[in-house]
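A quick write-up on the structure given underneath.
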Amino acid sequence: MSFRHFLNFEGLSPQRIGSFFSKVDQLNFYENIKPNHHIVAHLFFEPSTRTQMSFTMATIRCGAQPLSFPFENSSLKKGETFLDTLLTVQAMGVSAMVVRHGYPESMKDILGVIQIPLINAGEGSSGHPTQALLDVYTILKERGRVEGETVLFVGDVSHSRVAWSNFGLLSLLGAKIGLCSPKEWLPQSKKYKFEYFDTLEDGVKWATVVMALRVQKERHSVIQNFDIKKYQVNGDILKKIKSDAIIMHPAPFNREVEITNDVLNDPRCVIWKQVANGVKVRTVLLKEILKLQ
Ligand code: ASP
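Each step along the sequence shown adds one to the number in the numbering used here, with nothing skipped, and position 200 is 194.
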């Protein structure tokens, strides 16, 4: 007899419960997992469109199944902690976790408690390594090389986890990094070598890659009163950008704030290619992590 509904224990015999438990004993999720039986949990504790959907696409493309976390309706609302949420999902038997959290360097805390593979999908303002992978892959495809490229980061640099992760990967691969940003948003770091540009015009004349960054209001602790227009990639600046340079933005972008519509429509702008490359890069990464290739 199989259950039609399961509402309570009325009418069930101890034998029926016993036979049910023997079926549970026979289940074995953890041995010889077929690719399409791998489940990858996507735990986003912060809003996301691109990264979350891109990881969902990548998970499906590599033959595994995505399991997403209902951030707004989760037991976080009942006081469950970030780490206890991850331990709960790990205990369900997922094969890997893709995690985004608003605290800088939150992955360090997770690594100590999670035994399954973990992928950093963004941690506060400190890092977003898969975005850097897709950005650098895009530079390689569009410019033909990374070493020796002159990559200019414009605007709200210090709050940008995308910029911080790009600094790491670009330095590793021998690109040069330029910054054009108000002094309040200049990154403080002795780890990387930067070229500084006071005007955007000078910066873009130097650059083979211009990376505009979102003004990240959610990370600002004080209201700034400088003129953001000085750091806007707009029609006037477009005329000074090298004819064979590329224009990038990790998105979401604020139209007419850090980048204008005419720039977004310029053939040198590769933002949609970045999005497409994001799915490809994350698919290969997941395949490696799940040992599917
Ligand atoms: N999507 C990127 C991130 O999650 C960039 C941004 O939000 O501005 O960090």
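Note that beta-carbon positions come from the ideal geometry of N, C-alpha and C, so glycine has one too.
Bear in mind the structure is a predicted one, so any value in this text is a computation, not a measurement.
Judged by their CB atoms, Y97 and G73 are not nearer to each other than the 7 angstroms cut-off. In terms of CA proximity to V148, V203 leads the group P246, V203 and I54.
Taking non-hydrogen atoms of ligand 1 into account, the C-beta of G118 is found less than 6 angstroms away from none of them.
For ligand 1, a non-hydrogen atom lies closer than 6 angstroms to the CB of R208. In terms of side-chain proximity, the C-beta atom of R55 is found no nearer than 6 angstroms to any non-hydrogen atom of ligand 1. The distance from the Cβ of P261 to that of D129 is about 19 angstroms, inconsistent with a contact at the 8 angstroms cut-off.
The way I'd put it, the stretch 200 to 216 does touch the stretch 249 to 260; three or more beta-carbon pairs between them come closer than 8 angstroms. Pairwise C-beta distances place the stretch 40 to 56 in contact with the stretch 268 to 286, as three or more of them are shorter than 8 angstroms. Relative to the non-hydrogen atoms of ligand 1, the Cβ of P176 never comes closer than 6 angstroms to any of them.
Judged by their CB atoms, G172 and L134 are not nearer to each other than the 7 angstroms cut-off. Using a C-beta cut-off of 8 angstroms, the stretch 221 to 231 makes no contact with the stretch 181 to 189, since fewer than three inter-stretch Cβ pairs fall below that distance.
DSSP, reduced to helix, strand and coil, places H36 within a strand of the structure shown. For S175, the number of other beta carbons within 10 angstroms of its own is at least 16, and it is reported as buried. In terms of Cα proximity to E25, the closest of F15, S89, R10 and F161 is S89. Every alpha helix (DSSP H) of 4 residues or more that sits fully in the stretch 91 to 171 is shown, in chain order, as 100 to 105, 123 to 137 and 155 to 166.
Nearest neighbour of F23 by Cα position, chosen from I235, M205, L61 and M86, turns out to be M86. DSSP places V251 outside any alpha helix (DSSP H), giving it a letter other than H or E. The closest CA to that of N30, considering only V92, T53 and F15, is found on T53.
Residue burial is scored here from C-beta neighbours: P181 has at least 16 other C-beta atoms within 10 angstroms and is therefore classed as buried.
Counting other Cβ atoms within 10 Å of its Cβ, Y190 stays below 16 and is therefore classed as exposed. Straight through space, the alpha carbons of A169 and A201 are spaced by roughly 11 angstroms. Ranked by Cα distance from R137, the options M242, S13, F3 and V278 are led by M242.
A direct Cα-to-Cα measurement between N2 and Q268 gives close to 52 angstroms. Annotated three-state conformation of E189 is strand, per DSSP. Just measuring C-alpha positions, the residue of G12, S69, K199 and I33 sitting nearest F39 is S69.
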